[in-house]
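Notes follow the structure.
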Amino acid sequence: MSASSAFHDTFGRDAFGNYGRPDAGAPGGGSAPAVQDSPGSRQLAAVRGPRARQAPLKLTRRGRLVFIGVPLMLLAALILTLSGFLNAPAKAAESTGELSPTPTVTVTVQPGESLWAIAAAVVPGRDPRDVVADIIELNNLGAARVVPGQALFIPST
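The numbering of the sequence shown is numbering that gives the first Met the number 0, which starts it at 0 and goes up by one.
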């Protein structure tokens, strides 16, 4: 007799001679092929029972939150993202014929000049604050700082 079969003979068998297989169990199910422990030992007939029914899935409160709540939150995020893309303006004009170029004047910054002084000198009829804001936007300036020798586009109207 091998050490393995001696162990199972001692510890592993249940009342029906099974080794704890999930498909074996209660009597009346059917019979399995005979199991031979070792040469010369007796043969045991394993009796198979009906397959055990699995219990229905029971979700806890946290499980329901994860199973239902997380997909709902992802769906809401997707809907909000798509609505943002669909409601955002895609272009400024329908065609290039509708666009009108802004008339500009090119000015080279002299030592000691500021955007305020340039705006007041080039477009005296407008508020210098608006002109400075237009200069910053038109020239893609990060701040209202200019250096001598810098060329700026100034809106003339």
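Glycine residues also receive a C-beta, built at the ideal position from the N, C-alpha and C atoms.
Nothing here was measured: the structure is a model prediction, and the numbers come from that model.
Check: Assigned secondary structure, Leu-114 (DSSP; H/G/I helix, E/B strand, else coil); Outcome: helix
Check: Residue range of the unbroken alpha helix (DSSP H) whose run includes Ala-76; Outcome: 69-86
Check: Integer-rounded CB distance, given that Pro-154 should sit under 8 Å from Leu-137; Outcome: 6 Å
Check: C-alpha gap between Trp-115 and Thr-156, whole angstroms; Outcome: 16 Å
Check: Exposure label - Ile-134; buried when at least 16 CB within 10 Å; Outcome: buried
Check: One or two residues paired with Thr-105 in a DSSP bridge; Outcome: Phe-152
Check: Ala-150 and Thr-105 closer than 8 Å at C-beta; Outcome: yes
Check: Supposed contact pair Val-108 and Gly-148 - C-beta distance, whole angstroms, cut 8 Å; Outcome: 7 Å
Check: Cα-Cα separation, Arg-61 to Met-72; Outcome: 15 Å
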